[in-house]
Structure formats: C-alpha cells, structure tokens
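Reviewing the structure listed below.
Protein chains: 2
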Amino acid sequence: MPERRKRATIREVAQATGLSPAAVSYALRGIQTSEETQERVRAAADELGYEAHPIARALASGRTGMVGLLCGSLEDYWQQSLAVGISRSLLARDRYALIVDAFNDPDRELALARQLRDQRVDGLIVQSLDPSAPLWPELSESLPVVSIGDALHGGRSQGEVVFDNRRGVTLALEHLRDLGHRRVMVLTPTLDSTPDRPADVHVNAEAERLGLEVRVVVAPQSLAETTEAAVRALRGPDRPSAVFCFSDSIAYGVYAATRVLGLAVPGDVAVCGYDNHPMSALLTPPLTTVDWDIDGIVHSAVRLVVDVIDGKPRKRRVVREPSLRVRESTTGA
Amino acid sequence: MPERRKRATIREVAQATGLSPAAVSYALRGIQTSEETQERVRAAADELGYEAHPIARALASGRTGMVGLLCGSLEDYWQQSLAVGISRSLLARDRYALIVDAFNDPDRELALARQLRDQRVDGLIVQSLDPSAPLWPELSESLPVVSIGDALHGGRSQGEVVFDNRRGVTLALEHLRDLGHRRVMVLTPTLDSTPDRPADVHVNAEAERLGLEVRVVVAPQSLAETTEAAVRALRGPDRPSAVFCFSDSIAYGVYAATRVLGLAVPGDVAVCGYDNHPMSALLTPPLTTVDWDIDGIVHSAVRLVVDVIDGKPRKRRVVREPSLRVRESTTGA
DNA sequence: CCGTTTCAGTGAACCGGTTCAGAAGGCCGC
DNA sequence: GCGGCCTTCTGAACCGGTTCACTGAAACGG
Chain A
4 MPERRKRATI REVAQATGLS PAAVSYALRG IQTSEETQER VRAAADELGY
54 EAHPIARALA SGRTGMVGLL CGSLEDYWQQ SLAVGISRSL LARDRYALIV
104 DAFNDPDREL ALARQLRDQR VDGLIVQSLD PSAPLWPELS ESLPVVSIGD
154 ALHGGRSQGE VVFDNRRGVT LALEHLRDLG HRRVMVLTPT LDSTPDRPAD
204 VHVNAEAERL GLEVRVVVAP QSLAETTEAA VRALRGPDRP SAVFCFSDSI
254 AYGVYAATRV LGLAVPGDVA VCGYDNHPMS ALLTPPLTTV DWDIDGIVHS
304 AVRLVVDVID GKPRKRRVVR EPSLRVREST TGA
Chain B
4 MPERRKRATI REVAQATGLS PAAVSYALRG IQTSEETQER VRAAADELGY
54 EAHPIARALA SGRTGMVGLL CGSLEDYWQQ SLAVGISRSL LARDRYALIV
104 DAFNDPDREL ALARQLRDQR VDGLIVQSLD PSAPLWPELS ESLPVVSIGD
154 ALHGGRSQGE VVFDNRRGVT LALEHLRDLG HRRVMVLTPT LDSTPDRPAD
204 VHVNAEAERL GLEVRVVVAP QSLAETTEAA VRALRGPDRP SAVFCFSDSI
254 AYGVYAATRV LGLAVPGDVA VCGYDNHPMS ALLTPPLTTV DWDIDGIVHS
304 AVRLVVDVID GKPRKRRVVR EPSLRVREST TGA
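Protein sequences, first through last, are from chains A and B. The opening residue of the first sequence carries number 4 in the working numbering; numbering runs sequentially from there. The opening residue of the second sequence carries number 4 in the working numbering; numbering runs sequentially from there.
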C-alpha cells in the first residue's frame, strides 16, 4: 500500500503567516478578513502547497459537495444519458455526483436512498421507480430532493422536473393521424406503475379525440421477446398500419419483426418511437421518434438541486416539453 | 433549507451501554471486543437508530470508500458502459465511484486526477488520454492507480487491465481475408496518440502477414463527417471490397455512406466494426464486430483496485482478449 | 506459585477543518 | 472625550468517528 504524502494543514499555514487557524480558514474563503490578509494567506498556502481537505471540511461544515443520483436502472439508455449528463453538469459546478443504480428493484431503490442520505450527500436527484413510497416525504424533510420524470407523491419534494408525456403521446398520434393512419398499435413497457409514461389512460383519450382505433400491447423487457411479441402482433390479418412504441428500443424490436415478416417500413407499417436515441437516426429507415432534450432536463434538475442546497429560492417545478423528430420510418423516403 | 434530523453519535451509544466510545467503535466493527459486548452494542445502536457517519469515519481513518473513475470522454458509448459497469460493481462492494469526465482534454484530465486525489478517493481507475503524462508516476505513489486500456508509461501503476488490440485487429483482418477480401480500407479515429488502438503500426504488419492491401483513413469525430469521409473513400473506382472500422460508430457512418451511394452490404462492400455496441446487432444488416466483454474488464479493474486498496497482494496486470462476433455485414444473409 | 501472555476495555489524542462568542482597534457622530 | 458600531482577528469548542498506549484481570506455562 503506497504511503500518502503528507500535506500541509491549515495550522501550518497559520503558523507561517502568524495568524490563527480560524483566520486562515476565513481568509481562504474570502470572508471576514482584509484583502491584504487574504493575499498573504494565499501566498503562504501556495508556498506550502496547501490544499483544503474536503473530508475535514465536510465533517465540520456538514456539506460534502456531493449530490446523490438515484437511477431506476442504468441498463436503460435514457437513464444512462441522464446520469452522464448530470454527472458532468455537477462537476462543472464543483460538485460530484454519486451515481447509484437500483437495478429496477423498488426495495433496493429505497435502501439506496437511505444509504445516500447516510453518506451525507447534500442533495438527491431521483428518477423513482416508486414515487409513492413513504420514504420520500421523510427523506425530503432531511435533505433536498429533486425528482425527475414524475413528482414524488405525498412528499413535497424540493423540486420536480416533470416530463409532459401526454404531449409526447399527442405529438406522435397526431403525426400518425395526419399521415392517414387509422389503426394504430401501441407498444408500451408496462401498463401500470410507470408513472412517467401513463400510456393506457392518455393514449386512449387521445385516440378517441383523434378518431384513431388503437390497441395497446405490453412489450417485454428484452429485445428478443419484444421481437417475438411484435411478430405475433403484426402477423394477423387485422394488422395495424402504424405502430407507436413507448421507447426506441421497443421500436428496434418492431424493426426486427418487420424483417422477419418481410414487411416494409413505412410502406406496410409505419413505426414511431419515443426517446430519440442517437442510434435511431441510423436505422434503415431512420426512426421517427419523440425527442426529449436531455440536456435541458439535466440542466433543470441540476440547477434545481443546487439552488435548493444553496438556499436560493427557486421555482420548484419545471415542465419539459417533447418535440417530434420526423424521419423516414413514418414518412418514407 | 430543510433541517437535518440529528442522528445518534457513537458517544450516545457508549453512554447507553456504559462503555467507552472507543469500545463501541471497536464493537461495531467486530474487533477487540467480546461477542457479548458486540451484541449489546448492536442492540443499543439499533435502539437509538445509530448509523455510522461516513464522513467522520473517513476523516479519522483516512479512507473514504470512494474510488475515482477518470474517463477520457463519456461521449463515447464504450466508456459510458465502462463507467456504468464500474459504478455498479463498486457499489456491490460497498464503495462508491466518483465518475469524472475529461471531455477529451488531456490537460483537464490531469487537473481532474489531482482533484480526485485531493478529494481523498481511496483509489483511481483511469482510462487515460495521455498515459505518458508525468503526473501518473507521481500519483501512483500516493494512491492506488489502475489503468484500463493501456499501461501508464513511466509510473509503475498498481494495476493494469490491458486490451489486446493487436489480437482484435488480427481477428478482424483474418476474418476478412478468409472471406476472400484483398483490398481493405481501415477507418480509425486518429492515427497517433491513441495508445489503446495502435492501428497504424499493427494493422500494416498484420496486413502484410495476411497478404492484404490496406489503406488507413482517419475518421472524423462526428457521424456526419464520418459519413462524408466514407462517401469520398468509397466513391472512387478503386473501391475496397471491405471496410474495417476501429469503432462501431465509425461503421455506422459507413452504413450511412453505403445508403447514399446505393451500395449493398456486404455485396458491394463488407463492413466490420469494433466494440460490439448492442445496437450493432440491430442494424440492417447486423454488424460483424470485435467484442470486448465489458463485464470482464469491469470486473478485473474493480477487483484490482479494491485489492490494492485493501492491501491484498494481487496480480498486477490483466490482459483481456477480444472475440469476433460474426454477423451478416460480412457474411451476407 | 509467580512471571508472562493474551484479552477486553479505557482515556486521550487525533484527523483537519468550521464556527461561535468575544476582544482589540479604528472610525464615526455628537 | 466618550459611547457605539464595524471590521478584523483570536481562542476554544466542535464535527464524529479512529487509534494508540496503557491497565486490570484472567489464562497460561514451567
């Protein structure tokens, strides 16, 4: 085990400048001291190679400079991008992200939330699997919690970045209707308990409004299973003329199914996705999909949590609107 | 700003049990105390809702339980998967990853490495942009450093997970030769300073050995530019019969180029990638590519760094071998 | 039976900052 | 000339654990 080089402490800087440790502490943070003293302290600190010890600072001040990021599942491209973006964005604000993955297990999610609190993160960004869990209100009282995707029920969390999924559904279905489709199949990850994608309710309402005949089908997790399910659904004589998938990866399964069945996209069946995965532009044909502006979401979430941590009053709730990326999987070449 | 609920300290547990704080500290870690005392202490701790304070522990013991992960660029799918995997793997060992992104800037990389050291991470996993930087030897002396992808020059880092890229090149080129190709174009991200993908040197040597005529072309960063470059390269009369891309995303650009030019894959031109991005199996046609077993790499790196931190003697160097995923982009349907 | 180990537990120092109450000095107005 | 206020700085407590040197007692060995 390598030996850590001993670094200068604040007391040594104090000794070098003839000041008290307290004065040095203040001076280094630029408060409660004269310009001249600050200058002198900085010089001495540089001289000695002094660097603040974040751990000691955290213990004394109660803030760690770390923000917990609790993800439902990092398997998911979407959450992965979010995690990476948030990590970068926090770093730009001199904070670190502690990224943690619940592996799609709500129990584990709650355990990890506690664990992060015990790690003394300054705040928490969470895209919850189970926003109604009783832990959230409790947690929100002891540290700033910002939720992404859906408000945490019951707890008045300190911030929310909400996706307007209804708008996303509307965009996709209107697009399909405008292209003349009447019979649309909707493939959704799960029907219930995906609070951020309330497919069943809103899809049916919108379909009614637009005069569409929809059939909602649950897609399994894996690509292979999704492909099978799509093959079954597209084989019958009452094949829909368009498929709306509630995630791009489901759409990939549909693409695979069309290959199996020898169907042309969009000639025999139009396909519309949800997420705008970068890969979706590269498929043959490129996939029409609902785009979510990840950067904007990241920015909102980080800004919310940081402002709450810093005690700045902030708008508590940000709603992000999706847009539709129209490509050839619905319009043809 | 929400008020943090005050939690029980070790001294309160000591008071409750009539022991000294030191005894409680020992008992909770199961050392230096009798079974019976440990039991009593645990009971009292549960009673009081005591949870260890990681920050205080870190300050006193000098270990934070955090491992820094320094990535060259999280833009890259490859590094993103690695980061996510490492983060999960560390979590499973009760440690946290501090993920940090250098945005492809070697200077920033070094600054971040220092910053992580100052954050007192217990160890560092790094996929360096610049393994020859003079900082590495210095850093390796003050904390465990494990490099992924290429050994850190000069510094005897505490561990290395090395990719056998030569083997990857060999696999791909042999595969193409076996299919009868003679004129192969190689698309590589950059010629120099990609130590983990020493394309130019080894490609030429292997091509010679296999009797292939290769042309090495540098692919730009973005997909659009890559597509343009590929269009230019594939348009001329001396079009190669196969393209070997040093990353799957470059291959995506080649796919786009073949669409522009109306070329059939693999009929007019066979394409082989490198990385085995999950999406590559979904393209039309599915992409033949060199696969790297990310889980294995993750596991090796985490194991190395954790063992060094824990002072366990370990094999210092692990070499990972790639395998070839043969799909239709070279063999046809 | 007495000297030597081992074991369980104690007290105090320590990790390296922050923060609070208070003191010294300078400046102000009256 | 004096009370009051502001600025700058100090001393000491504190954050909440860990660890080291040491003690008393029990176990052990010859």
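Cβ coordinates follow ideal geometry from the N, Cα and C atoms, glycine included.
Can you name the start and end residues of the alpha helix (DSSP H) that residue i belongs to?
i, result
"ALA17 of chain B", "13–20"
"GLY88 of chain A", "80–95"
"ILE34 of chain B", "Per DSSP, ILE34 of chain B belongs to no alpha helix (DSSP H) and is neither H nor E."
"LEU142 of chain B", "138–145"
"GLY353 of chain A", "A question about residue 353 of chain A goes unanswered here, because the residues of chain A that appear run from 4 up to 336."
"ARG117 of chain A", "109–121"
"LEU62 of chain B", "57–64"
My output table needs one value for residue i: the three-state DSSP class, helix, strand or coil.
i, result
"SER303 of chain B", "helix"
"THR173 of chain A", "helix"
"ALA336 of chain A", "coil"
"VAL329 of chain B", "coil"
"ARG268 of chain A", "The question names Arg, but residue 268 of chain A is Val in the sequence shown. Reduced to three states, the DSSP call for VAL268 of chain A is coil."
"ASP181 of chain A", "helix"
"ALA48 of chain B", "helix"
"ARG43 of chain A", "helix"
"GLY256 of chain A", "helix"
"THR229 of chain A", "helix"
"LEU72 of chain A", "strand"
"LYS318 of chain B", "coil"
"LEU290 of chain B", "coil"
"THR67 of chain A", "coil"
"MET188 of chain B", "strand"
"ARG238 of chain B", "helix"
"ARG10 of chain B", "coil"
"SER196 of chain B", "Because SER196 of chain B carries a pLDDT of 46, less than 50, the predicted location of this residue cannot be relied on, and the following value inherits that uncertainty. Correct three-state label for SER196 of chain B: coil."
From which residue to which residue does the beta strand (DSSP E) around residue i run?
i, result
"GLY277 of chain B", "The displayed chain sequence assigns Tyr, not Gly, to residue 277 of chain B. It spans 273–278 - the beta strand (DSSP E) in which TYR277 of chain B sits, taken as one unbroken run."
"GLU216 of chain A", "216–221"
"ALA100 of chain B", "99–104"
"VAL149 of chain B", "148–152"
"GLY126 of chain B", "126–129"
"PHE249 of chain B", "Note, PHE249 of chain B: premise wrong, no beta strand (DSSP E); not H, not E."
On the premise that residue j lies in contact with residue i, defined as a C-beta separation below 8 Å, what is that separation, rounded to the nearest angstrom?
i, j, result
"MET69 of chain B", "LEU101 of chain B", "5 Å"
"ILE312 of chain B", "GLY88 of chain B", "Not a contact, Cβ separation roughly 18 Å."
"THR333 of chain B", "LEU146 of chain B", "The pair is not a contact, with the Cβ atoms about 45 Å apart (cut-off 8 Å)."
"LEU119 of chain A", "PRO134 of chain A", "Incorrect: roughly 17 Å between the Cβ atoms, too far for contact."
"THR36 of chain B", "VAL124 of chain B", "Not a contact, Cβ separation roughly 31 Å."
"GLY71 of chain B", "LEU127 of chain B", "4 Å"
"VAL257 of chain B", "ALA233 of chain B", "5 Å"
"ASP294 of chain A", "SER326 of chain A", "5 Å"
"VAL206 of chain A", "VAL246 of chain A", "13 Å between Cβ atoms; not a contact."
"ARG323 of chain B", "ILE300 of chain B", "6 Å"
Three Cβ pairs or more, each shorter than 8 Å: is that satisfied between the region 272–282 of chain A and the region 298–316 of chain A? no
Does the region 142–160 of chain A come within contact of the region 75–89 of chain B, defined as at least 3 CB pairs closer than 8 Å? no
Taking one C-beta from the region 176–191 of chain B and one from the region 234–253 of chain B each time, how about it: are there three or more such pairs within less than 8 Å? yes
Any 3 or more C-beta pairs closer than 8 Å across the region 41–51 of chain B and the region 97–117 of chain B: no
May I ask you to list, following chain order, the residues of the region 61–80 of chain A that have a beta carbon less than 7 Å from some beta carbon of chain B? ALA61, LEU62, THR67 and LEU77
Given a limit of 8 Å on CB to CB distance, which residues of the region 91–103 of chain B reach chain A? ARG91, LEU94, TYR99, ALA100, LEU101, ILE102 and VAL103
Residues in the region 42–58 of chain B with C-beta within 8 Å of chain A's C-beta atoms, listed in sequence order? GLU54, ALA55, HIS56, PRO57 and ILE58
Are there three or more Cβ pairs, one per stretch, closer than 8 Å when the region 261–271 of chain B is compared with the region 213–224 of chain B? no
On the three-pair Cβ rule with 8 Å, is the region 313–323 of chain A touching the region 21–35 of chain B? no
Name the residues in the region 242–260 of chain A whose C-beta lies less than 8 Å from a C-beta of chain B; which are they? TYR255, TYR258 and ALA259
Taking Cβ-Cβ distances below 9 Å as the criterion, which residues of the region 202–234 of chain A are in contact with chain B? LEU226
Any contact between the region 209–217 of chain A and the region 173–184 of chain A? By contact I mean 3 or more CB pairs, one from each, below 8 Å. yes
Quick one: which residues of the region 115–132 of chain B get their C-beta closer than 7 Å to a C-beta of chain A? List them in chain order. ASP121, GLN122 and ARG123
Could you please tell me which residues of the region 284–295 of chain B, in chain order, have their CB closer than 9 Å to any CB of chain A? ALA284, LEU285, LEU286 and THR287
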